[in-house]
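Novice:
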Amino acid sequence: PSSFGTRLSRNPTRRRPTSPTAARVKAAGSPRRRFSMAPFDGSAPSAHGPLTDPPVAMQPLTKRTSAVAVAAAAAAASPGDEGGEGPIAAPPALASGREWHRMSYSAQWDALFGDASAAVDNSVSVPKPDSRAQAGEPHGARIAASHVTAVRKRPVVRHRWMLRDYAVVGFMTSIHAGCLLAPSTFSWSMLSLFIVLYFVTGCLGITLCYHRLLSHRSFVVPKWLEYTLAYCGVLAVEGDPIEWVSNHRFHHQHTDEPLDPHSAYEGFWWAHMGWLMDNEMLNRRVGDRSNVGYLRKQFYYRFLAATFPLHVGLQYAVLYMCGGLPAVVWGGCVRQVWVFHITWLVNSASHLWGSKAWDTGDLSRNNWWVGLLAF
Numbered sequence: 001p002s003s004f005g006t007r008l009s010r011n012p013t014r015r016r017p018t019s020p021t022a023a024r025v026k027a028a029g030s031p032r033r034r035f036s037m038a039p040f041d042g043s044a045p046s047a048h049g050p051l052t053d054p055p056v057a058m059q060p061l062t063k064r065t066s067a068v069a070v071a072a073a074a075a076a077a078s079p080g081d082e083g084g085e086g087p088i089a090a091p092p093a094l095a096s097g098r099e100w101h102r103m104s105y106s107a108q109w110d111a112l113f114g115d116a117s118a119a120v121d122n123s124v125s126v127p128k129p130d131s132r133a134q135a136g137e138p139h140g141a142r143i144a145a146s147h148v149t150a151v152r153k154r155p156v157v158r159h160r161w162m163l164r165d166y167a168v169v170g171f172m173t174s175i176h177a178g179c180l181l182a183p184s185t186f187s188w189s190m191l192s193l194f195i196v197l198y199f200v201t202g203c204l205g206i207t208l209c210y211h212r213l214l215s216h217r218s219f220v221v222p223k224w225l226e227y228t229l230a231y232c233g234v235l236a237v238e239g240d241p242i243e244w245v246s247n248h249r250f251h252h253q254h255t256d257e258p259l260d261p262h263s264a265y266e267g268f269w270w271a272h273m274g275w276l277m278d279n280e281m282l283n284r285r286v287g288d289r290s291n292v293g294y295l296r297k298q299f300y301y302r303f304l305a306a307t308f309p310l311h312v313g314l315q316y317a318v319l320y321m322c323g324g325l326p327a328v329v330w331g332g333c334v335r336q337v338w339v340f341h342i343t344w345l346v347n348s349a350s351h352l353w354g355s356k357a358w359d360t361g362d363l364s365r366n367n368w369w370v371g372l373l374a375f
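The C-terminal position of the sequence shown is numbered 375 in UniProt numbering, with every residue numbered one higher than the one before it.
(1) Nearest by alpha-carbon distance to Leu342: which of Leu372, Arg365, Asn366 and Leu314 is it?
(2) In angstroms, rounded to a whole number, what distance separates the CA positions of Phe194 and Arg296?
(3) For the alpha helix (DSSP H) containing Lys223, list its first residue and its last residue.
(4) For Asp115, is the classification buried or exposed, using 16 other Cβ atoms within 10 angstroms of its Cβ as the cut-off for buried?
(5) Going by other Cβ atoms of all chains shown within 10 Å of its Cβ, with 16 needed for buried, is Leu259 buried or exposed?
(6) Ser246 and Arg289 - do their beta-carbons sit closer together than 8 angstroms?
(7) Leaving out five residues before and five after Pro92 in sequence, what residues of the same chain have Cβ atoms less than 7 angstroms from its Cβ?
(8) Judging by CA-CA distance, which residue of Val200, Leu191, Asn347 and His216 is the nearest neighbour of Asp362?
(9) Check Arg152 in the structure and name its three-state DSSP category.
(10) Give the single residue among Phe113, Leu304 and Gln108 whose Cα lies nearest to the Cα of Met281.
(11) Hey, quick one: how far does the alpha helix (DSSP H) through Phe375 stretch, first residue to last?
(12) Going by DSSP in three states, Asn366 sits in which element: helix, strand or coil?
(13) For Tyr198, I'd like the list of residues in its chain whose CB is within less than 8 angstroms of its CB, leaving aside the five on either flank, ordered along the chain.
(14) Measure the C-alpha to C-alpha separation of Lys128 and Arg302 and round it to an integer number of angstroms.
(15) Within the segment 250–304, note down every full alpha helix (DSSP H) run reaching 4 residues or more, in order along the chain.
(16) Out of Asp359, Asn367 and Gly332, which one is the CA nearest neighbour of Leu191?
(17) Applying the criterion that 16 or more other CB atoms from any shown protein chain within 10 Å of the CB defines a buried residue, is Arg160 buried or exposed?
(18) Can you pull the DSSP bridge partners for Val355?
(19) For Arg142, list the residues DSSP reports as bridge partners.
(20) Could you check which residue in Val234, His176, Asp359 and Ser146 has the C-alpha nearest to that of Cys203?
(21) Do you know offhand how far Thr201's Cα is from Ser187's?
(22) Just to confirm my understanding: we take residue 376, look at its own chain, exclude 5 residues before and 5 after, and list those with CB closer than 6 angstroms. What are they?
(23) Alpha carbon to alpha carbon, how far is Leu352 from Arg142? Give it in angstroms, no decimals.
Set out below in structure tokens:
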């Protein structure tokens, strides 16, 4: 190291001789690939395609960035590879010059969704709401043992119910009711079945595949293995891969902002499971699926999305054929309710209780017991 430093100090502009291979590459006009310490933006090509969809020109509103500037930037941006046709238009509220960084979550929500007929562009970001302004909301309520003041923005029952809302509530009620049969159908073999399917669907399906592999693209596996893991996620019955990944990506893009599908600023119930039963609001926030073009291009994922209810029914039929009612109760109802609530606790409990190493501007926290349960 010392001799290397000496050579650099004597001739700081010295370069290594160009190899014959590098000379041929340079002559052919192809840039030589080098390692770079530039910030990773996720768009660099790889052997498996880009790690994310092409980025949309977008920047958050800050004290130094007016809403009008963001609206202009969004309007000038070109859509992503499956982001629709025509320029992206910012919501009317974003062009009004509001000081968004000083607004509470409730006030931001009212500005974006107060007009039920207005379309909202979920590709445009607003700044994180002011927690102090949120704490001063007249209709707010402090969630127990947390620093979050929540304001209910959507009625639990008195909203416009869509067909899917009835299906979700009916299915949730059925499997929770099925858990009442757990004591009378208990056996050690059924408990073993519960543990195995909990690992297969909760760990391999949701945490490993849906979350780490498909949502964040943290690693790459052969396609046959990716598709196998994705089917494990389907068996968790939390949605098909396209739907789950799209919702989660929008959550990270707008964490604890009004466009977040399940912010704890709207209360524990909403963040935990209430958002799943209000598809009118969910569609306004995350309905376009424009952020998962790389999944929508693959026939396998389109097939799973189109036939998702069939796989749910097939799973219960196989359980019944293999172990009768006890297998349906423990391998189906009990296991699904368990995996459901663990996943939902990531959205609710992990945004209310736990430690916070630094100020991220949102409500996310490190919650050790949720992390253990969710693998």
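Don't be surprised by glycine CBs; every beta carbon is placed ideally from N, CA and C. Note that this is a predicted model, so its numbers are computed, not measured.
Specialist: Short version:
(1) Position 342 of the sequence shown holds residue 342. The question names Leu, but residue 342 in the sequence shown is Ile. Residue Leu372 is the option with its Cα nearest to Ile342.
(2) Your numbering for residue 194 matches position 194 in the sequence shown. Your numbering for residue 296 matches position 296 in the sequence shown. Taking the Cα positions, Phe194 is about 32 angstroms away from Arg296.
(3) Position 223 of the sequence shown, counting from 1, holds the residue named residue 223. Run containing Lys223: Lys223 to Leu235, per the alpha helix (DSSP H) assignment.
(4) One-based indexing of the sequence shown puts residue 115 at position 115. With fewer than 16 other Cβ atoms within 10 Å, it is exposed.
(5) The count along the sequence shown starts at 1 and reaches residue 259 at position 259. So Leu259 counts as buried.
(6) Along the sequence shown, one-based indexing puts residue 289 at 289. Along the sequence shown, one-based indexing puts residue 246 at 246. A contact, by the Cβ cut-off of 8 angstroms.
(7) By 1-based counting over the sequence shown, the position of residue 92 is 92. Since pLDDT at Pro92 reaches only 45, below the 50 mark, its modelled position is unreliable, and the value read off the structure follows with that caveat. Around Pro92: Ala118.
(8) Residue numbering aside, residue 362 sits at position 362 when the sequence shown is read from its first letter. Each of Val200, Leu191, Asn347 and His216 was checked against the Cα of Asp362, and the nearest Cα belongs to Asn347.
(9) Here residue 152 refers to the residue found at position 152 of the sequence shown. Here Arg152 sits in coil by DSSP.
(10) As a position in the sequence shown, residue 281 is number 281, starting the count at 1. It is Phe113.
(11) For the purposes of this step, residue 375 is taken as residue 375 along the sequence shown, with counting starting at 1. Under the DSSP assignment, Phe375 falls outside any alpha helix (DSSP H); it carries neither an H nor an E label.
(12) As a first step, residue 366 must be located in the sequence shown, where it is residue number 366. Asn366: strand per DSSP, three-state reduction.
(13) As a first step, residue 198 must be located in the sequence shown, where it is residue number 198. These residues qualify, in order along the chain: Arg335, Trp338 and Val339.
(14) As a position in the sequence shown, residue 128 is number 128, starting the count at 1. As a position in the sequence shown, residue 302 is number 302, starting the count at 1. The straight-line gap from Cα to Cα measures roughly 34 angstroms.
(15) With a minimum length of 4 residues, the continuous alpha helix (DSSP H) runs that stay inside the segment 250–304 are 268–272, 279–286 and 293–296.
(16) As a position in the sequence shown, residue 191 is number 191, starting the count at 1. Ranking the options by Cα distance to Leu191, first place goes to Gly332.
(17) Against the sequence shown, residue 160 aligns to sequence position 160. Classification of Arg160: exposed, given that the 10 Å Cβ count is below 16.
(18) What you label residue 355 is simply residue 355 of the sequence shown in a count that begins at 1. Strictly speaking, residue 355 in this sequence is Ser, with Val absent from that position. According to DSSP, which records beta bridges pairwise, Ser355 is partnered with Asn366.
(19) To locate residue 142, count along the sequence shown from 1; it is residue 142. Arg142 is bridged to Thr149.
(20) Position 203 of the sequence shown, counted from the start, is the residue given in the question as residue 203. The residue with the shortest Cα to Cα distance from Cys203 is Val234.
(21) Walking along the sequence shown from the start, residue 201 turns up at place 201. Walking along the sequence shown from the start, residue 187 turns up at place 187. If you take the alpha carbons of Thr201 and Ser187, they lie about 21 angstroms apart.
(22) Only positions 1 to 375 of the chain appear in this structure, which leaves residue 376 out of reach.
(23) Walking along the sequence shown from the start, residue 142 turns up at place 142. Walking along the sequence shown from the start, residue 352 turns up at place 352. Those two C-alpha atoms are separated by around 11 angstroms.
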